[in-house]
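Residue 0 is where the sequence shown starts when you use numbering that gives the first Met the number 0, and the numbers rise one by one after that.
Beta carbons are placed, not taken as given, at the ideal position from N, Cα and C, and that holds for glycine.
What follows is a short report on a single structure.
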Amino acid sequence: MATKLSYEGDAILPSIQADSVEGGSGASCLVWGTDLSRVEDRRLARQSLHEQATAALRASVNHPALQHLVLVYRCAPQLRSRMQDFARGEARRLHATLELERASDVDVVMVDITGLDDDQLPERRFNELARRHAGITAYAAITWEVMRHESINDACSRNVI
Numbered sequence: 000m001a002t003k004l005s006y007e008g009d010a011i012l013p014s015i016q017a018d019s020v021e022g023g024s025g026a027s028c029l030v031w032g033t034d035l036s037r038v039e040d041r042r043l044a045r046q047s048l049h050e051q052a053t054a055a056l057r058a059s060v061n062h063p064a065l066q067h068l069v070l071v072y073r074c075a076p077q078l079r080s081r082m083q084d085f086a087r088g089e090a091r092r093l094h095a096t097l098e099l100e101r102a103s104d105v106d107v108v109m110v111d112i113t114g115l116d117d118d119q120l121p122e123r124r125f126n127e128l129a130r131r132h133a134g135i136t137a138y139a140a141i142t143w144e145v146m147r148h149e150s151i152n153d154a155c156s157r158n159v160i
């Protein structure tokens with residue numbers, strides 16, 4: 000199984016973007032970046048996240064080996080708690096759509112990186128996730144703070160239960 004990452008969307012994680020697979024077709028993990036940090040209205044932030052999630056879904060067709068879709072977003076600090084439940088709903092929507100379209104499992108994880116203080120952490124955790132087969136996580140929404148202490152898979156398993 001390929002363990003390559005492909006990074007698309009907004010350039011909010013430059014270290015991952017620099018190491019991304021050119022063209023991405025062999026990638027098992029698509030990481031989609033979304034910068035919502037300047038959107039202070041909750042409704043507009045949700046609408047923007049929905050639109051970016053839909054764009055990531057469209058981009059996923061270019062990745063036939065896809066096992067994991069990770070949508071990484073940064074939002075205005077005052078919206079963090081309000082965006083978390085919405086992000087989980089978006090992850091569920093994307094997972095269900097991908098399952099229907101591909102007739103196979105693709106795990107979908109939404110990660111809030113607002114206030115991230117370790118630029119290397121996301122890449123380490125995304126590479127760990129990319130080495131796992133899909134179907135373990137299904138869908139989840141987590142924060143970067145959770146990733147500091149445990150793998151995305153462990154955090155998502157706890158999040159679903």
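- Task: Find the nearest neighbour of arginine 37 within the set Ala86, Arg79, Ser5, Ala26, judged by alpha-carbon distance.
- Result: Arg79
- Would you report the Cα separation of arginine 81 and aspartate 118, rounded to the nearest angstrom? 24 Å
- Task: Assign threonine 113 to one of three DSSP states: helix, strand, or coil.
- Result: coil
- Message: Checking 8 Å against the spacing of the C-beta atoms, do valine 71 and leucine 35 come in under that value?
- Response: no
- Message: For alanine 44, count the other beta carbons within 10 Å of its own beta carbon; 16 or more makes it buried, fewer makes it exposed. Which is it?
- Response: So alanine 44 ends up on the buried side.
- Task: Could you work out which residue in Gly25, Asn152, Glu39 is closest to alanine 75 when comparing CA atoms only?
- Result: It is Glu39 whose Cα lies nearest to the Cα of alanine 75.
- Query: With 16 as the cutoff for other CB atoms within 10 Å, does alanine 137 come out buried or exposed?
  - Reply: buried
- Message: For arginine 41 and aspartate 104, what's the separation of their Cα atoms in angstroms?
- Response: Cα-Cα distance, rounded: 31 Å.
- Go ahead and pull the three-state DSSP assignment for threonine 96. helix
- Message: Rounded to the nearest angstrom, what separates glutamate 127 and alanine 154 at their Cα positions?
- Response: 13 Å
- Item | Proximal residues to arginine 87 (C-beta, below 6 Å), its chain only, five neighbours per side dropped | Ala140
- Message: Let's test the definition: count the other Cβ atoms within 10 Å of the Cβ of isoleucine 160 and tell me whether it reaches 16, buried, or not, exposed.
- Response: Note on isoleucine 160: pLDDT 46, under 50, position unreliable in the model; the coordinate value appears next. Result: exposed.
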